[in-house]
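As they're listed, the protein sequences go chains Y and V. Taking the UniProt record's numbering, the leading residue of the first sequence gets 1, the next gets one more, and so forth. Taking the UniProt record's numbering, the leading residue of the second sequence gets 1, the next gets one more, and so forth. Even for Gly, the Cβ is constructed at its ideal location relative to N, Cα and C. Single-structure report; data block below.
2 protein chains.
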Amino acid sequence: MTEFRFDQWLDLYATRVNMMRSSEVREMLAVAARPDVISFGGGMPDTRVFPMNQIVEATQRVMLREGHAALQYGSSEGHVGLRRHIAAIMSEVDTAIGVDDIIITDGAQQALEFIAKIFISKGDTIIVEAPSYVGALQAFMSYEPEVVGIPVDDCGMQTDILAVELERLRKEGRQPKFVYVTPNFHNPAGVTLIEERRRHIIELSEKYGFVVVEDDPYGKIRFRGENEIAMRSMDERVIYIGTFSKIFSPGMRLGWVVAPKAILEKLIFAKQAANLCSSSFSQHVTDEYLSSFDWQKNIDDLVDLYRERCATMISALEEFFPEGATWTKPDGGLFIWATLPEGLDSGELLAESIREAKVAYVPGRAFYVGVQKNSSLRLNFSYCPSETIEEGIKRLGAVVKQQLALYRSLFKGYSPGKDKNKNKK
Amino acid sequence: MTEFRFDQWLDLYATRVNMMRSSEVREMLAVAARPDVISFGGGMPDTRVFPMNQIVEATQRVMLREGHAALQYGSSEGHVGLRRHIAAIMSEVDTAIGVDDIIITDGAQQALEFIAKIFISKGDTIIVEAPSYVGALQAFMSYEPEVVGIPVDDCGMQTDILAVELERLRKEGRQPKFVYVTPNFHNPAGVTLIEERRRHIIELSEKYGFVVVEDDPYGKIRFRGENEIAMRSMDERVIYIGTFSKIFSPGMRLGWVVAPKAILEKLIFAKQAANLCSSSFSQHVTDEYLSSFDWQKNIDDLVDLYRERCATMISALEEFFPEGATWTKPDGGLFIWATLPEGLDSGELLAESIREAKVAYVPGRAFYVGVQKNSSLRLNFSYCPSETIEEGIKRLGAVVKQQLALYRSLFKGYSPGKDKNKNKK
Numbered sequence: 001m002t003e004f005r006f007d008q009w010l011d012l013y014a015t016r017v018n019m020m021r022s023s024e025v026r027e028m029l030a031v032a033a034r035p036d037v038i039s040f041g042g043g044m045p046d047t048r049v050f051p052m053n054q055i056v057e058a059t060q061r062v063m064l065r066e067g068h069a070a071l072q073y074g075s076s077e078g079h080v081g082l083r084r085h086i087a088a089i090m091s092e093v094d095t096a097i098g099v100d101d102i103i104i105t106d107g108a109q110q111a112l113e114f115i116a117k118i119f120i121s122k123g124d125t126i127i128v129e130a131p132s133y134v135g136a137l138q139a140f141m142s143y144e145p146e147v148v149g150i151p152v153d154d155c156g157m158q159t160d161i162l163a164v165e166l167e168r169l170r171k172e173g174r175q176p177k178f179v180y181v182t183p184n185f186h187n188p189a190g191v192t193l194i195e196e197r198r199r200h201i202i203e204l205s206e207k208y209g210f211v212v213v214e215d216d217p218y219g220k221i222r223f224r225g226e227n228e229i230a231m232r233s234m235d236e237r238v239i240y241i242g243t244f245s246k247i248f249s250p251g252m253r254l255g256w257v258v259a260p261k262a263i264l265e266k267l268i269f270a271k272q273a274a275n276l277c278s279s280s281f282s283q284h285v286t287d288e289y290l291s292s293f294d295w296q297k298n299i300d301d302l303v304d305l306y307r308e309r310c311a312t313m314i315s316a317l318e319e320f321f322p323e324g325a326t327w328t329k330p331d332g333g334l335f336i337w338a339t340l341p342e343g344l345d346s347g348e349l350l351a352e353s354i355r356e357a358k359v360a361y362v363p364g365r366a367f368y369v370g371v372q373k374n375s376s377l378r379l380n381f382s383y384c385p386s387e388t389i390e391e392g393i394k395r396l397g398a399v400v401k402q403q404l405a406l407y408r409s410l411f412k413g414y415s416p417g418k419d420k421n422k423n424k425k
Numbered sequence: 001m002t003e004f005r006f007d008q009w010l011d012l013y014a015t016r017v018n019m020m021r022s023s024e025v026r027e028m029l030a031v032a033a034r035p036d037v038i039s040f041g042g043g044m045p046d047t048r049v050f051p052m053n054q055i056v057e058a059t060q061r062v063m064l065r066e067g068h069a070a071l072q073y074g075s076s077e078g079h080v081g082l083r084r085h086i087a088a089i090m091s092e093v094d095t096a097i098g099v100d101d102i103i104i105t106d107g108a109q110q111a112l113e114f115i116a117k118i119f120i121s122k123g124d125t126i127i128v129e130a131p132s133y134v135g136a137l138q139a140f141m142s143y144e145p146e147v148v149g150i151p152v153d154d155c156g157m158q159t160d161i162l163a164v165e166l167e168r169l170r171k172e173g174r175q176p177k178f179v180y181v182t183p184n185f186h187n188p189a190g191v192t193l194i195e196e197r198r199r200h201i202i203e204l205s206e207k208y209g210f211v212v213v214e215d216d217p218y219g220k221i222r223f224r225g226e227n228e229i230a231m232r233s234m235d236e237r238v239i240y241i242g243t244f245s246k247i248f249s250p251g252m253r254l255g256w257v258v259a260p261k262a263i264l265e266k267l268i269f270a271k272q273a274a275n276l277c278s279s280s281f282s283q284h285v286t287d288e289y290l291s292s293f294d295w296q297k298n299i300d301d302l303v304d305l306y307r308e309r310c311a312t313m314i315s316a317l318e319e320f321f322p323e324g325a326t327w328t329k330p331d332g333g334l335f336i337w338a339t340l341p342e343g344l345d346s347g348e349l350l351a352e353s354i355r356e357a358k359v360a361y362v363p364g365r366a367f368y369v370g371v372q373k374n375s376s377l378r379l380n381f382s383y384c385p386s387e388t389i390e391e392g393i394k395r396l397g398a399v400v401k402q403q404l405a406l407y408r409s410l411f412k413g414y415s416p417g418k419d420k421n422k423n424k425k
């Protein structure tokens, strides 16, 4: 409600403040905190199932052995032991890196902020997927870039369109600084970038001289099928971002960036100015957890849980959503991207959904730059138990159907595709 | 060694990267990591004396009671329980604030970064003390401001000079965005801003329309005398920055900002883009530590320890430093600011000091913008045990005397003040 409050400092703010807005995801999280609301907003893993005793034990060992270091400032690059674990995790996806190729960040979010800070001067051009991760857009927009969005289909970013846009930008004399992609289990679209297109983006980066930023928070949350090859392992110049938020704990606030040495050096300057180092306490305890416990088994258990919840959500969508609605069937990650029958705006529907159905989600427009109206919604299936998912989709489906009926009575004769919905009821 | 490495991305970086440099403090910390070097660099509290069992116990309780929340994303404003403790801590210095006036940051450093981000557009004017905290300068410079430095004397920032500079800026049509001060036990100068000048700065802020940023990391590390009144309690429009780094643990990476609501809202946008929230794990454990243990007694013990180490360092300086050298005698904080006899450059001396004496410190030039030569050095007394302090100052004093003798043989007839040094030896 900024607009209605007198702000005596308006003339003092930097121009970038005009681009900094609260995200709808954030407003969703605030709503989700009300116990009577079922929230499919947010992107939270289910930390309730985590073996807490492992954290207690890890903390005990850390404090006894190296408590003074866990309570002290650490290096800006991050705890060496933890970086060793990360190098091992990365080698599983065929990416051979050393400890010195990595810096620890406060989750993937801080890596995105730093990349924005070191590459974007006001007015510079960057390229993202459309839709794209809302937190990345927030970090990027705060450095005032011009954003070009490339549409996503079932195989990820449409690289033929990317090629056309790059040629257009070159003719306009605009050098794109980077292309940002989430190749595995895209947030929000749920799709995975196919290998052919990964290679195409790398080729284009050589031809047009931009940096490829590969954000991979969900790669290890795979329900079925084989891992795709990481873009970083196709080309060492790719900046790769990883995180412990989905495979361990977002509350530790730990992620990492792998980048070429020259870029890494700039990222370290950014880290120093931003917060000197990530929580040493979090880093030491996470290092000990990875050293002492079967963390891969914990991930496997999580993946089993999320696979089941994803299947439950898909069944519920089939049962309760109206004809004409569509949704992705992801092979991993945390999200389903549902699209309402043409004409319905998911942003407008949200207030109704919270009030009538007490169900929250993130409206599609949050994932685009400059889009006001959109018929898609992002549904998170990792956080709520299966019963809650079923109940929530049922209630949400009823609101969608009700709005659809209202829409039809207002625009008589309108019919999105074959409408069997009335028959079903 | 950036200069000698080929960097193929040079054309892609944002212009601000030119202003982002590694700090000498950082290089010092790297040197200090070598076990054979006595380091008076850095600004580390002594975490070796901390009662580790209290952290273990606090973690146990947190994980049992609310482990899922400690491992989960938290709100961008920060954990409510922890903010309640902060409000209580602030009320001790007569500053009446509520939980909603505070946001948690990753130490004071992140607060400085956010203030820079929301107020500084490229080329904007800001005002700092000269010398000033190197981490603040790093955060500010990365947003490309014009910096005006106001000299500091034994009573803190010289506000008569500030008044003159403000008038000059007004005539030039330049609106300073903020004035940054560290009123208590200044880093590096060790001095405390007297009340009269605090009020003067507040008056000037009304007349010239800038924001006052009050950074107070050391206020509770007081060896003698009474607390000064906080500037925030003189004027609610002051932005106040606090931290747990010196009174508890820097490794938790927790600090806070108190600001007017409109500014706080912008800071929260910055927090979301930067890292979503500070480590929930750190926040919950720190909250539990403050709730369950006598943290004030732990601070009192620390203050006793630092008071003794400070006295040891002053005695050692008196014994081992040459005539003509001067140093502050702080009533609190972590640092002594020593100034060498005229002609000696503390920056040049550093390599010699590390090589010959195996003693590290931070040369004065690190605390100024655009200063290459400076005869002061910042000496930290909180981290090393007293014996080490004595040995280190002895070795450092020998190098200083040696360099002074060399200087004199090069510039015959040179004599800084009354030189009784030779007689002493």
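CA-CA distance, Y/P45 to Y/G364, rounds to 21 Å.
For the C-beta of Y/W9, the chain V residues within less than 8 Å are, from N- to C-terminus, V211, P260, A262 and I263. About 4 Å separates the beta carbons of V/M63 and Y/M52, which is inside the 8 Å limit, making them a contact pair. If you draw a 10 Å sphere on the C-beta of V/T286, you find 16 or more other C-beta atoms in it, and that means buried.
Boundaries of the beta strand (DSSP E) harbouring Y/V147: E146 to D153, taken from the DSSP string. When the beta-carbon positions are compared, V/S249 and V/P217 stay at least 8 Å from each other. Contact fails between the region 282-298 of chain V and the region 313-327 of chain V, because fewer than three Cβ pairs, one in each stretch, are under 8 Å apart. In chain V, no part has a C-beta under 8 Å from the C-beta of Y/H200; the shortest such distance is about 21 Å. CA-to-CA, the gap between Y/S205 and V/I126 works out to about 39 Å. Look at V/H186: its C-beta is not under 8 Å from any C-beta on chain Y. For V/R197, the enclosing alpha helix (DSSP H) has its first and last residue at E195 to Y208. The beta carbon of Y/S39 sits no closer than 8 Å to any beta carbon of chain V. DSSP, read as helix, strand or coil, puts V/T182 in coil. Looking at Y/A163, Y/G98 and Y/L137, the one whose alpha-carbon comes closest to that of V/Q272 is Y/L137. Sequence-distant Cβ neighbours of V/I241 in its own chain, meaning closer than 6 Å and more than five residues away, are A108, A111, D215 and V257. Taking 8 Å as the cut-off, the Cβ atoms of Y/I97 and Y/G156 do not count as close.
Under the 8 Å criterion on CB atoms, Y/A274 is classed as interfacial with respect to chain V.
V/L379 is a Cβ neighbour of V/F335, given a cutoff of 8 Å. Residue pairing for V/Y240: DSSP places it in a beta bridge opposite V/E214 and V/V258.
At least one CB atom of chain Y sits nearer than 8 Å to the CB of V/F269. With a minimum length of 4 residues, the unbroken runs of alpha helix (DSSP H) contained wholly in the region 304-354 of chain V fall at 346-352.
Secondary structure of Y/G392 (DSSP, three-state): helix. Per DSSP, V/S376 is one residue of the beta strand (DSSP E) stretching across S376 to N380. In the same chain as V/T339, and ignoring 5 residues on each side of it, the C-beta atoms closer than 6 Å to its own belong to T326, S375 and S376, in chain order. Per the DSSP secondary-structure output, V/T59 pairs with nothing in a beta bridge. Three or more Cβ pairs closer than 8 Å define a contact, and the region 259-270 of chain V meets that threshold against the region 86-103 of chain V.
Not a single C-beta of chain V is nearer than 8 Å to the C-beta of Y/S346.
Sorting V/Y180, V/K171, V/E172 and V/R170 by C-alpha distance to the C-alpha of V/V152 places V/Y180 at the top.
Going by DSSP, V/I86 is part of no beta strand (DSSP E) but of the alpha helix (DSSP H) stretching over V80 to S91. Here V/K266 really is in contact with Y/V17; their C-beta atoms are around 6 Å apart, less than 8 Å. In terms of CA proximity to Y/V399, Y/I354 leads the group Y/G219, Y/N298 and Y/I354. By the neighbour-count criterion, in which a residue is buried when 16 or more other Cβ atoms sit within 10 angstroms of its Cβ, V/T15 is exposed.
At a beta-carbon threshold of 7 Å, the residues of chain Y lying near V/V56 are T59, Q60 and M63, ordered along the chain. Shortest Cα-Cα distance from Y/D294 to any of Y/S142, Y/G333, Y/I38 and Y/A58 involves Y/A58. Considering only beta carbons, no part of the region 295-314 of chain V lies closer than 8 Å to chain Y. For a Cβ distance threshold of 8 Å, nothing in chain V lies close to Y/D216: the least Cβ distance comes to about 18 Å.
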